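Q: If you read the sequence shown in the working numbering, its first letter stands for residue 1, the second for the next number, and so on. Each residue gets a CB set at the ideal place from its N, CA and C atoms; glycine is no exception. If you're wondering where the values come from, they're calculated on a predicted model, not measured in any experiment.
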Amino acid sequence: MKPSAASGSASGSGSGSGSASASGSASAPPTIIACDEVHLSFPLVRFRARGLKEAALEIFRRRPRREEANVFWALRGVSFRIQRGEVVGIIGRNGSGKSTLLRVICGIYGPDRGSVMLPTGRVSALLELGSGFRDELSGMENIRLACAIQGFSSSEIDAIIEPIISFSGIEEFIDQPIRTYSSGMKARLGFAVASVVEPDVLLIDEVLAVGDAGFRQRCMTRIEQLVAGDTTVVVVSHNTAELERLCSRLILLERGIVIMDGAVKDVLERYQQITAST
Numbered sequence: 001m002k003p004s005a006a007s008g009s010a011s012g013s014g015s016g017s018g019s020a021s022a023s024g025s026a027s028a029p030p031t032i033i034a035c036d037e038v039h040l041s042f043p044l045v046r047f048r049a050r051g052l053k054e055a056a057l058e059i060f061r062r063r064p065r066r067e068e069a070n071v072f073w074a075l076r077g078v079s080f081r082i083q084r085g086e087v088v089g090i091i092g093r094n095g096s097g098k099s100t101l102l103r104v105i106c107g108i109y110g111p112d113r114g115s116v117m118l119p120t121g122r123v124s125a126l127l128e129l130g131s132g133f134r135d136e137l138s139g140m141e142n143i144r145l146a147c148a149i150q151g152f153s154s155s156e157i158d159a160i161i162e163p164i165i166s167f168s169g170i171e172e173f174i175d176q177p178i179r180t181y182s183s184g185m186k187a188r189l190g191f192a193v194a195s196v197v198e199p200d201v202l203l204i205d206e207v208l209a210v211g212d213a214g215f216r217q218r219c220m221t222r223i224e225q226l227v228a229g230d231t232t233v234v235v236v237s238h239n240t241a242e243l244e245r246l247c248s249r250l251i252l253l254e255r256g257i258v259i260m261d262g263a264v265k266d267v268l269e270r271y272q273q274i275t276a277s278t
């Protein structure tokens, strides 16, 4: 895992918002997240033998195998800007770099090249099912821990803990260890914690796909409420209906490259063309 060493200001124009500057302007909301020419690679190590004879010799003589160092470029030249209050969807086929890009935005990965303007303020991230939860703790204990990490005082946690439990809909299981929860219960509790704290930035990576239809509907309504209060949302999803409802803009990734950044309808049409051709 790469360290998140590449915070700091991004400069130049991205593919989405034109010439919006990181400090914003009188006519446009300020830029909250920006990537400029971001490249990110992961090392790949593979072993090879030149033929059957050499492979056999390796077995009988215990000779070390030939090692080839290589890299996989997960992101290549990614540039965009996201302004305060935008709901931006990241879409693409499996392996296109969507989840990796979200982790760059979170500061989990730092790029090999390029620059990233990381979001500030209160950032809630739902990157994978149960992330941030400790299996040995109860749901209640995990709520308190997650809120404390976000910087809430004990009195503030006391004020929001009941709304969190109520939104999650798992009241009767809240004192049970997280390890006993189903994937749907973990998703419910994770989203409840992330959204009830009213974050400045909400990052979601596919975790709502495991919830039932009724809960997903409540989540979308809650996201719309947050956006009305100026929360910035970035969501990775394959659910085109949800993206159409929530997003003001989509970024389409293909093999780590932004191939389109624009209106939801236009980007979805391009995405459907790509998926239909494979």
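Who pairs with Q83 in a beta bridge, going by DSSP?
A: Counting from one through the sequence shown, the residue named residue 83 turns up at place 83. DSSP, once it has assigned bridges, lists T31 as partnering Q83.
Q: By how many angstroms is the C-alpha of R245 removed from the C-alpha of T100?
A: Locating residue 100 in the sequence shown gives position 100, where the first residue counts as 1. Locating residue 245 in the sequence shown gives position 245, where the first residue counts as 1. In this model, T100 and R245 are separated by some 24 Å (Cα to Cα).
Q: Please give the ranges of any alpha helix (DSSP H) in the stretch 100 to 171, keeping only runs that are unbroken, at least 4 residues long and fully inside the region.
A: 139 to 149 and 154 to 168
Q: Return the CA-CA distance between T120 and I170, expressed in angstroms with no decimal places.
A: Sequence index remark: in the sequence shown, residue 120 carries index 120 (1-based). Sequence index remark: in the sequence shown, residue 170 carries index 170 (1-based). If I take the Cα positions, the gap works out to 31 Å.
Q: Output yes or no for whether 7 Å exceeds the beta carbon distance between P43 and V71.
A: Stepping through the sequence shown from its first residue, residue 43 is reached at position 43. Stepping through the sequence shown from its first residue, residue 71 is reached at position 71. Yes, the pair counts as a contact, with Cβ atoms nearer than the cut-off.
Q: For the beta strand (DSSP E) that V258 lies in, which residues bound it at each end?
A: Walking along the sequence shown from the start, residue 258 turns up at place 258. Residues I257 to G262.
Q: Counting pairs of beta carbons, one from the stretch 170 to 179 and one from the stretch 147 to 158, are three or more of them closer than 8 Å?
A: No: fewer than three Cβ pairs fall under 8 Å.
Q: For I274, name the three-state secondary structure that DSSP assigns.
A: Sequence index remark: in the sequence shown, residue 274 carries index 274 (1-based). It is helical.
Q: Can you confirm whether A74, when its beta carbon is compared against all beta carbons of chain C, has any partner nearer than 7 Å?
A: Reference to chain C is not applicable here, since this structure consists of a single protein chain.
Q: Tell me F215's beta-bridge partners as DSSP assigns them.
A: Translated into positions along the sequence shown, residue 215 becomes position 215. Looking at the DSSP assignment, F215 forms no beta bridge with any residue, so it has no partner.
Q: Within 10 Å of its beta-carbon, does I149 have 16 or more other beta-carbons around it, so buried, or fewer, so exposed?
A: Along the sequence shown, read from residue 1 onward, the residue named residue 149 stands at position 149. Around the Cβ of I149, a 10 Å sphere holds fewer than 16 other Cβ atoms; the residue is exposed.
Q: Are G256 and A34 touching if we call contact CB-CB under 7 Å?
A: Residue numbering aside, residue 256 sits at position 256 when the sequence shown is read from its first letter. Residue numbering aside, residue 34 sits at position 34 when the sequence shown is read from its first letter. No, they are not a contact pair.
Q: Identify, in the order they occur along the chain, each residue of the same chain with its Cβ nearer than 7 Å to the Cβ of G40, setting aside the five sequence neighbours on each side.
A: Working through the sequence shown from its first residue, we reach residue 40 at position 40. A small fix is needed here, since residue 40 is Leu in this sequence, not Gly. Cβ neighbours of L40 beyond the five flanking positions: A74, L75, T100, V104, Y109, P111 and D112.
Q: What does DSSP give as the partner residues of F42 in its beta bridges?
A: Here residue 42 corresponds to residue number 42 of the sequence shown, with the count starting at 1. Beta-bridge pairing links F42 to F72.
Q: Under 7 Å, do V38 and G114 count as touching if we go by C-beta distance?
A: Translated into the one-based positions of the sequence shown, residue 38 becomes position 38. Translated into the one-based positions of the sequence shown, residue 114 becomes position 114. Taking 7 Å as the Cβ cut-off, V38 and G114 qualify as a contacting pair.
Q: Does the pairing of the stretch 245 to 254 with the stretch 263 to 278 give three or more beta-carbon distances under 8 Å?
A: yes
Q: Run through DSSP, which three-state label would D200 get?
A: In the sequence shown, residue 200 corresponds to position 200, counting from 1. Residue state, collapsed to three classes: coil.
Q: Cα-Cα, which of Q225, G92 and G214 is closest to G184?
A: Position 184 of the sequence shown, counted from the first residue, corresponds to residue 184. With distances taken between Cα atoms, G184 lies closest to G214.
Q: By how many angstroms is the C-alpha of P199 removed from the C-alpha of I165?
A: Counting from one through the sequence shown, the residue named residue 165 turns up at place 165. Counting from one through the sequence shown, the residue named residue 199 turns up at place 199. I165 and P199 have their alpha carbons spaced roughly 17 Å apart.
Q: Do you know how far the Cα of M117 is from the Cα of S25?
A: Position 25 of the sequence shown holds residue 25. Position 117 of the sequence shown holds residue 117. With a pLDDT of 45 at S25, under the threshold of 50, the modelled position of this residue cannot be trusted, and the question is left open.
Q: Just to confirm before moving on: does the CB-CB distance between K98 and V236 stay below 7 Å?
A: Working through the sequence shown from its first residue, we reach residue 98 at position 98. Working through the sequence shown from its first residue, we reach residue 236 at position 236. Yes.
Q: From which residue to which residue does the beta strand (DSSP E) around T232 run?
A: Residue numbering aside, residue 232 sits at position 232 when the sequence shown is read from its first letter. Per DSSP, T232 is one residue of the beta strand (DSSP E) stretching across T232 to V236.
Q: Are the beta-carbon atoms of S168 and L189 separated by less than 7 Å?
A: The sequence position of residue 168 within the sequence shown is 168, counting from 1. The sequence position of residue 189 within the sequence shown is 189, counting from 1. For S168 and L189, yes; Cβs fall inside 7 Å.
Q: Whole angstroms are fine: how far does the CA of E128 sit from the CA of F191?
A: The residue labelled residue 191 in the question sits at position 191 within the sequence shown. The residue labelled residue 128 in the question sits at position 128 within the sequence shown. Spanning the two alpha carbons is a distance of roughly 11 Å.
Q: Grab me the residues of A159's own chain with a C-beta within less than 8 Å of its C-beta, minus the 5 sequence neighbours each way, in chain order.
A: Along the sequence shown, read from residue 1 onward, the residue named residue 159 stands at position 159. Contacts found: none.
Q: Quick check: the Cα distance between I82 and V88, rounded to an integer number of angstroms?
A: Working through the sequence shown from its first residue, we reach residue 82 at position 82. Working through the sequence shown from its first residue, we reach residue 88 at position 88. Cα to Cα, I82 sits roughly 8 Å from V88.
Q: Verify whether the separation of the beta carbon atoms of S195 and R222 is less than 7 Å.
A: Taking the first residue of the sequence shown as 1, we reach residue 195 at position 195. Taking the first residue of the sequence shown as 1, we reach residue 222 at position 222. Taking 7 Å as the Cβ cut-off, S195 and R222 qualify as a contacting pair.
Q: Do you know how far the Cα of G132 is from the Cα of E269?
A: Position 269 of the sequence shown, counted from the start, is the residue given in the question as residue 269. Position 132 of the sequence shown, counted from the start, is the residue given in the question as residue 132. C-alpha separation (whole angstroms): 36 Å.
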